[in-house]
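With this note's numbering, letter number 470 in the sequence shown gets 478, and the count goes up by one each step, no holes.
All C-beta atoms in this analysis are idealised placements derived from N, C-alpha and C, irrespective of residue type, glycine included.
Please read these numbers as outputs of a predicted model, since none were measured by experiment.
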Amino acid sequence: MAKNFSYPIFCVFPLLLLFLLSTTASRSHSIREATVQDLQLAFEQKRLTSRQLVKFYLNEIRKLNPYLRGVIEVNPDALYQADKADRERKAKVPGSLVGLHGIPILLKDNIATKDKMNTTAGSYALLGSIVPRDAGVVAKLRRAGAIILGKASLSEWAHWRSSKAPSGWCGRSGYGVNPYNFSADPCGSSSGSAISTAANMVAVSLGTETDGSILCPSFGNSIVGIKPTVGLTSRAGVIPITPRQDTVGPMCRTVADAAYVLDAIAGLDYSDKATIEASKYIPRGGYKQFLKLDGLKGKRLGILRSQFAFNGEPALAKTYEHHFKTLRQQGAVLIDNLEVEHQDVLSSNYETIATNAEFKLALNSYLNQLVKSPVRSLKDVIAFNNRNPDLEKVKEYGQDLLLEAEATNGIGEKERKALLNLEKYSKDGYEKLIRNNKLDALVAPLISHYIAYNGYPGINVPAGYDKDGVPFGINFAGLKGSEPTLIEIAYSFEQATKVRRPPF
Ligand SMILES: *[C@@H]1O[C@H](CO)[C@@H](O)[C@H](O)[C@H]1NC(C)=O
Ligand SMILES: *[C@@H]1O[C@H](CO)[C@@H](O)[C@H](O)[C@H]1NC(C)=O
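Printed below as a string of structure tokens:
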């Protein structure tokens, strides 16, 4: 009897456990890798609430972040915001089933939020500072109904503190880790945004780019990143490097998600004058309409051939050749063996010369408008680091870039010459190549340096994984305001290849 009785129990219990595990696993499985559209549909069909979604991500952060360190702070009000979104959806408030309503987003820690969170660019020097208002893009996100889940870690000061510090390191949260291979470079400076999005610790995220800071971590963590035309998204309330190059953009798992986020954040903000000029680029009806399966049809793509010379890694070269074939099959015309003129500028130090002086001016003006702050100038930041060598690893990494910037004195003869050369490269090199060949986009594995100096846009799409499991991507870049075309190309390529897979 005992035997008969115990047998079914013995049998049912593991079955029940398996069932429970599989149902929780299937919910988390359906959330893992879910797109904004998937999530909106689940909200609409009442299969998911924003509270459940935020709890899922908070739990993933609790589990994974101690290893990955992609998140620097979690918003104590995230669940409150989720409940508000759920109530609005239930009451069918207009706009509660569109845009980013009820979708959790992570912000790079140089993007100001006027809430319980700190905005510090990863540095203890800014801990406890109080910002006057939300950054322009954050105000737009809140209007679009997004839930601010937290702040992402980054290469400290967007990697304009030390040339010795590794990508992904900041004083406040230490070393960010590439989830695909813990010993690989996560790249930066928007490292935490990429790590966290790739590892499904959040739905979507924002990064900032001055020269490669969105495209490179997107490339290295198998996500889609858009570096928008400078001025398309407001930089007001963003801890700056240089207004000439800085831009805020989406870092997401899919091109569609990136288009949704761009729709939410692009547009006029009188606190950033550059948005007035750039708002002419924003298409009526937004960016979603360019998510076209046949988006590659008839597109003229220029191949920057020298960038695809992977002499030591024939497998990589082969993968890109395969992608070229796919681009052609999808209807694109490839113009091969192109080179940009005045390439010497790329390896010159003109960018550093100009940026050092601009950084000092822009950072001092950011620090000045804070309501409260332990530091009010670049000079104060340097002094703070010297007073806190252990917190900020000053002995290991120093602060050479801050010191060089502090030594500048506005835009003088040297800076003007540097700026002229950067412009010459951009207009007579990059732009001329695109116009003369009537290109829709240039293609390179990583194109960020080419498009940095004069505010051009670019997009990264996952392209493969190397022998160590480390992701790599492919970049498409065009003229100012070419985001619609870039989204068409990227979406069509993404749908034809579907390279992205989660790290675990
Ligand atoms: C912001 O920093 C303060 C320390 O100054 C800390 O007590 C607080 O927890 C931080 N906020 C969040 C949301 O982590
Ligand atoms: C991670 O990369 C290292 C090389 O940096 C390699 O030795 C190792 O096998 C890789 N790990 C995995 C899991 O592929």
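How would you label residue 512, buried or exposed, when you count the other beta carbons within 10 angstroms and need 16 or more for buried?
exposed
For residue 190, count the other beta carbons within 10 Å of its own beta carbon; 16 or more makes it buried, fewer makes it exposed. Which is it?
exposed
Roughly how far, in whole angstroms, is the beta-carbon of residue 8 from the beta-carbon of residue 350, given that I think they are within contact range, below 8 Å?
The shown model of the chain, from 9 to 512, leaves out residue 8, and the question about it has no answer.
Return the Cβ separation of residue 200 and residue 80 in integer angstroms, given the expectation that the two are a contact with Cβ distance under 8 Å.
6 Å
Is residue 476 near ligand 2, judged by its Cβ being under 8 Å from some heavy atom?
yes
Could you pull out every residue in the same chain whose Cβ sits closer than 6 Å to the Cβ of residue 491, ignoring the five residues on either side in sequence?
465
The alpha helix (DSSP H) with residue 422 in it runs from where to where?
421 to 432
So which of 121, 308 and 137 has the shortest CA-CA distance to residue 496?
308
Shorter than 8 Å, the distance from the beta carbon of residue 135 to the closest heavy atom of ligand 1, or not?
yes
Can you name the residues that DSSP bridges to residue 260?
232
Residue 328 by DSSP, collapsed to three states: which one?
helix
Keeping to the same chain, check which residues put their C-beta closer than 8 Å to that of residue 139; ignore five residues upstream and five downstream.
120, 121, 122, 127, 245, 378 and 379
How is residue 360 classed by DSSP in three states: helix, strand or coil?
helix
Could you spell out where the beta strand (DSSP E) holding residue 213 opens and where it closes?
212 to 217
Does DSSP put residue 379 in a helix, in a strand, or in coil?
coil
Look up residue 156 in the DSSP assignment and say whether it is helix, strand or coil.
strand
Beta-carbon gap between residue 148 and residue 221 smaller than 9 Å
no
Helix, strand or coil at residue 500 according to DSSP, with G and I counted as helix:
helix
Does the pairing of the region 178 to 189 with the region 409 to 422 give three or more beta-carbon distances under 8 Å?
no
CB of residue 212 within 9 Å of CB of residue 261, strictly
yes
Between residue 453 and residue 332, is the Cβ-Cβ spacing less than 9 Å?
no
Since residue 229 and residue 68 are thought to touch, with beta carbons under 8 Å apart, how far apart are those beta carbons, to the nearest angstrom?
About 16 Å separates the two Cβ atoms, so there is no contact after all.
Less than 9 Å separating the beta-carbons of residue 362 and residue 216?
no
Own chain, CB closer than 6 Å to residue 354, minus 5 neighbours either side, in chain order
457
Could you round the C-beta distance between residue 461 and residue 359 to whole angstroms and report it? I think they count as a contact, below 8 Å.
6 Å
As a quick exercise: from 503, 289, 324 and 375, pick the residue whose alpha carbon is nearest that of residue 473.
324
Which residue marks the beginning of the alpha helix (DSSP H) containing residue 395, and which one marks its end?
386 to 395
Output the boundary residues of the beta strand (DSSP E) element that contains residue 466.
466 to 473
Beta bridge counterpart(s) of residue 255 as assigned by DSSP
217
Is it the case that the Cβ atoms of residue 381 and residue 136 are separated by a distance below 9 Å?
yes
May I ask you to check if the CB of residue 207 is nearer than 8 Å to at least one heavy atom of ligand 2?
no
Select from 98, 388, 73 and 45 the residue whose C-alpha is nearest the C-alpha of residue 206.
73
When we look at the beta-carbon of residue 284 and count the other beta-carbons within 10 Å, is it buried (16 or more) or exposed?
exposed
Which residue wins for smallest C-alpha separation from residue 404, given the options 171, 49 and 66?
171
Any contact of the region 83 to 98 with the region 50 to 68, i.e. 3+ C-beta pairs under 8 Å?
yes
What does a CB cutoff of less than 6 Å around residue 141 pick up in its chain, not counting 5 residues either side in sequence?
122
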